[in-house]
Every structure is written in structure tokens, then in C-alpha cells.
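These notes are about the structure you will find just below.
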Amino acid sequence: VQLQASGGGLVQAGGSLRLSCTASGNIFRISDMGWYRQAPGKQRELVAVIGSGGLTDYADSIKGRFTISRDNDKNTVYLQMNSLKPEDTALYYCNTVLDANLGFRNYWGQGTQVTVSS
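Taking my numbering, the leading residue of the sequence shown gets 3, the next gets one more, and so forth.
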């Protein structure tokens, strides 16, 4: 199983970015899909998560600015980030809980850098 994330980059404050993460491999079923981030010198934190039925949860710091969604046919999760702030600068990791015929396990993507300039 592999998670391939993309969409990071450098953007000015107030701008937007859209992250994507696709799971591939011998996947039987996927439960939660989500995004975490880690800024330099800080712990990794949850940004947003979406369940298989579409139920979502967001960190307070990004509510109203970020939207998580998923395409179950493509095994892909998205994070639309609007009104970006310099404090959103971090390495963003996608995360999924999926069953690759080994029972449900937690998988991480490689991280994609988001840098917001002031």
C-alpha cells in the first residue's frame, strides 16, 4: 500500500492550495482518511479527517477555511485550503485507516510542504 500526496507549494497569505492524496495497492476497504501537519519545532497535529460515510472533523484553527473531501472510487482524499495564513506553514501528511486484507491498519503518506508567505 502506498499513499501519494501532492499539491503543496508556496503561496502568499490569503491564497489557496488544494492537496490530494491517493492510496494505491491491494486495498480491500478504506475507513477514515485525513490530513495532519507538522511545523518546525512542533508536534504533528490533526488538521481534518473524513469518515467513509462523509462525516468530517476539523481542527479549530482551520475551521471555515479548509474543507476535506474524498472520492471513494479513486481512493483519494482532498484538502482545499483557502485564506491561508503564515501559521499554516507546515509539512502536511495524509493518513488513512484501511484494510489491505490484513485487517485495518494506519498508513501515512510522505508529506507535502505548504509554505505561506506574509
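Just so you know, even glycine gets a beta-carbon here, dropped at the ideal spot from N, CA and C.
Check                                                                                                    : Outcome
Span separating the alpha-carbon of residue 3 from that of residue 118                                   : 31 Å
Same chain only: Cβ atoms within 8 Å of residue 116, ignoring 5 sequence neighbours per side             : 10, 11, 13, 19, 21, 39, 83, 86, 90, 91, 92, 93, 94
Member of 70, 104, 103 whose CA lies at the smallest distance from the CA of residue 97                  : 70
Rounded Cβ spacing between residue 62 and residue 51 (contact assumed at less than 8 Å)                  : In fact, because the Cβ distance is near 14 Å, the residues do not count as touching under 8 Å.
Counted within 10 angstroms of its Cβ, other Cβ atoms place residue 30 as buried (16 or more) or exposed : exposed
DSSP beta-bridge partners of residue 33                                                                  : The partner list for residue 33 (beta bridge, DSSP) is empty, contrary to what the question assumes.
Which of helix, strand or coil DSSP assigns to residue 18                                                : coil
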